[in-house]
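Heads up: the sequence shown at position 361 corresponds to 364 in the numbering used here, and the numbers run straight through without jumps.
All C-beta atoms in this analysis are idealised placements derived from N, C-alpha and C, irrespective of residue type, glycine included.
Inspection log for the structure reproduced underneath, given as structure tokens.
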Amino acid sequence: MSAAVSLEERERLLAGRDLSIDLVRVCCVLLVVVLHSLMLGLTVWPDGAIGWRNVVQEQPWFAVASWFGQLMPLFFVVGGFASWQGWRSTVRRGGGAGEFFRARLLRLGTPAAVWFVLVGGLVWAAAGAGLPMPVAQLLAKGLGMPLWFLAAYLLCQAAAPLLIRLHERHRSATILGLAAGIVVVDALRRVTGVQEVGLANLLLVWPLVQQLGFLLADGTLARLRRPALAGLAAAAFGAVGVLASSGLYSPDMLDDLNPPTLPLVLIGVGQTALFLLAKPGLDAVMSTRPAQAFVGLAGTRMMTVYLWHLLLVIAVAGSVLLAPGVVPAVGTTAWWFARIPGDLVVLFVLFLISLGVARFERGPRRVGPVPSAPALVVAGVLAVVPPFWAMEAGLDLAGFVWGAAAMSAAVLIARGRPAA
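Here's what the structure looks like:
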């Protein structure tokens, strides 16, 4: 009986889903884990200071490789696809923008609030147990590195209902307007020399990349033939090369990530075209039960993997401090090969952690009526400020405290008062 129920539940969950989209989402997050393990090499400098060395970015091939390995644009594309479907589902139920955003905020903010509390507690406990303060501060700052995604994604989710309406009524004008805004912001940043001007592109670059997901969801891109898709990918990556050669932008997409710039949009276009070219093969893979089981398991743990992986990557990198004569020196051939067992350890421990905390990705079990628009605005601001601050200034020990308070308050406001 239980086997039949689980099969029915599985069929219900898979019905109507584009499983190749789910596969891409999972692979993007897992690749982030691998890339961060390559980027974060803990090093003891000759003067005894402890710091990070980004070994992979030092390689001559890294800049061009980042056009394909920097998968955040593709993640926002598939996120736009999911937002389109989620908004359609909300409208069919009679819901509106408030209900849509509340659901997204709870799905993202609840595991983030738990992360701030638990990881912040670990960092404070480590400092109290005798971990040198410079190391504790370095640890805290490093742990905040991936949180920019949370701020950017929440902003996209808040804007999704409006942008979907604009996409349906004024598709070309919306895309061209966002693109023009990005060009203006990039130009102002170069002319003034004020890097903070580029932060305005958080409101333009990622929403424009999200629009590509809408084009994917409404079938526009699916109507392109394979030669056209190949030409689109070549044109997009070729344009990135032209912009990089001109000196206007860095060829390294890690440098162009925060603040985000125009090349990331072009990378998103090229990666989306490559995804559509590979989609028949991905659909074939996702027709198999092992692939469906893997994506089904990993797909319910994506925020957990994203939030918690850097703590484990740092712990593995920190083993050089405990056994400097045994652990390979950063950047050596042995160090590169050691990334394989290191990543496997990280992924295994992440799975163990997910057994306890992944349930928070479903949000609170009980929620009240959808809060008013002003209350949701306050909740959204409270949820965006901590990851935005971590992106700009990095977390410190105090940052975990007020970040946990702000994120928890956002979740409580969005949750509302459940009925008795």
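C-alpha gap between residue i and residue j, whole angstroms
| i | j | result |
| --- | --- | --- |
| residue 15 | residue 25 | In this prediction, residue 15 scores a pLDDT of 47, lower than 50, which makes its location untrustworthy; the coordinate-derived value is nonetheless stated afterwards. When rounded, the distance between both Cα atoms is 15 Å. |
| residue 129 | residue 122 | 10 Å |
| residue 247 | residue 147 | 29 Å |
| residue 293 | residue 179 | 42 Å |
| residue 69 | residue 78 | 14 Å |
| residue 371 | residue 251 | 50 Å |
| residue 98 | residue 164 | 11 Å |
| residue 364 | residue 381 | 21 Å |
| residue 311 | residue 118 | 7 Å |
| residue 305 | residue 219 | 22 Å |
| residue 162 | residue 86 | 10 Å |
| residue 23 | residue 277 | 13 Å |
| residue 376 | residue 114 | 23 Å |
| residue 287 | residue 338 | 36 Å |
| residue 12 | residue 108 | Model confidence at residue 12 stands at a pLDDT of 47, short of 50, so the residue's coordinates are unreliable and nothing is read from them. |
| residue 126 | residue 65 | 32 Å |
| residue 101 | residue 415 | 15 Å |
| residue 404 | residue 242 | 44 Å |
| residue 406 | residue 284 | 43 Å |
| residue 57 | residue 394 | 17 Å |
| residue 413 | residue 202 | 23 Å |
| residue 315 | residue 389 | 21 Å |
| residue 354 | residue 309 | 12 Å |
| residue 239 | residue 335 | 35 Å |
| residue 418 | residue 367 | 7 Å |
| residue 10 | residue 94 | Residue placement at residue 10 is flagged as unreliable, the pLDDT there being 47, under the threshold of 50; the coordinate-derived value follows with that caveat. Going from the Cα of residue 10 to the Cα of residue 94 covers about 29 Å. |
| residue 295 | residue 75 | 23 Å |
| residue 142 | residue 210 | 31 Å |
| residue 188 | residue 182 | 10 Å |
| residue 271 | residue 331 | 36 Å |
| residue 150 | residue 33 | 16 Å |
| residue 268 | residue 420 | 40 Å |
| residue 63 | residue 300 | 37 Å |
| residue 153 | residue 313 | 15 Å |
Whole-angstrom C-beta distance between residue j and residue i, which should lie under 8 Å
| i | j | result |
| --- | --- | --- |
| residue 319 | residue 360 | At roughly 20 Å, the Cβ-Cβ gap does not stay under 8 Å, so residue 319 and residue 360 are not in contact. |
| residue 302 | residue 83 | No, residue 302 and residue 83 are not in contact; Cβ-Cβ is about 17 Å, not under 8 Å. |
| residue 157 | residue 387 | 5 Å |
| residue 262 | residue 207 | Going by Cβ atoms, the distance from residue 262 to residue 207 rounds to 10 Å, so no, they are not a contact pair. |
| residue 166 | residue 232 | At roughly 24 Å, the Cβ-Cβ gap does not stay under 8 Å, so residue 166 and residue 232 are not in contact. |
| residue 103 | residue 89 | 7 Å |
| residue 385 | residue 409 | 5 Å |
| residue 260 | residue 60 | About 12 Å separates the two Cβ atoms, so there is no contact after all. |
| residue 144 | residue 383 | Going by Cβ atoms, the distance from residue 144 to residue 383 rounds to 25 Å, so no, they are not a contact pair. |
| residue 273 | residue 236 | 5 Å |
| residue 254 | residue 67 | 7 Å |
| residue 317 | residue 43 | 7 Å |
| residue 81 | residue 20 | About 12 Å separates the two Cβ atoms, so there is no contact after all. |
Local Cβ density within 10 Å of residue i, reported as buried at 16 or more and exposed below that
| i | result |
| --- | --- |
| residue 340 | exposed |
| residue 369 | exposed |
| residue 198 | exposed |
| residue 356 | buried |
| residue 346 | buried |
| residue 343 | exposed |
| residue 379 | buried |
| residue 40 | buried |
| residue 195 | exposed |
| residue 213 | buried |
| residue 172 | exposed |
| residue 106 | buried |
| residue 291 | exposed |
| residue 225 | exposed |
| residue 222 | exposed |
| residue 245 | exposed |
| residue 186 | exposed |
| residue 230 | exposed |
| residue 176 | exposed |
| residue 116 | buried |
| residue 155 | buried |
| residue 193 | exposed |
| residue 249 | exposed |
Identity of the residues DSSP links to residue i by a beta bridge
| i | result |
| --- | --- |
| residue 45 | 55 |
8 Å Cβ cutoff, residue i in contact with chain B
| i | result |
| --- | --- |
| residue 398 | Chain labels in this structure do not include chain B; a single protein chain is all it has. |
Every unbroken alpha helix (DSSP H) within the segment 256–313, with a cutoff of 4 residues, ordered by chain: 265–288 and 292–302
Completely contained alpha helix (DSSP H) runs for the segment 139–205, where each covers 4 or more residues: 151–172 and 174–195
Sequence ranges, alpha helix (DSSP H) only - wholly within the segment 321–365, length at least 4: 322–325 and 336–360
Every unbroken alpha helix (DSSP H) inside the segment 363–417 [4 residues or more]: 376–396
Those runs of the alpha helix (DSSP H) which lie wholly inside the segment 58–127 and span at least 4 residues: 65–72 and 75–95
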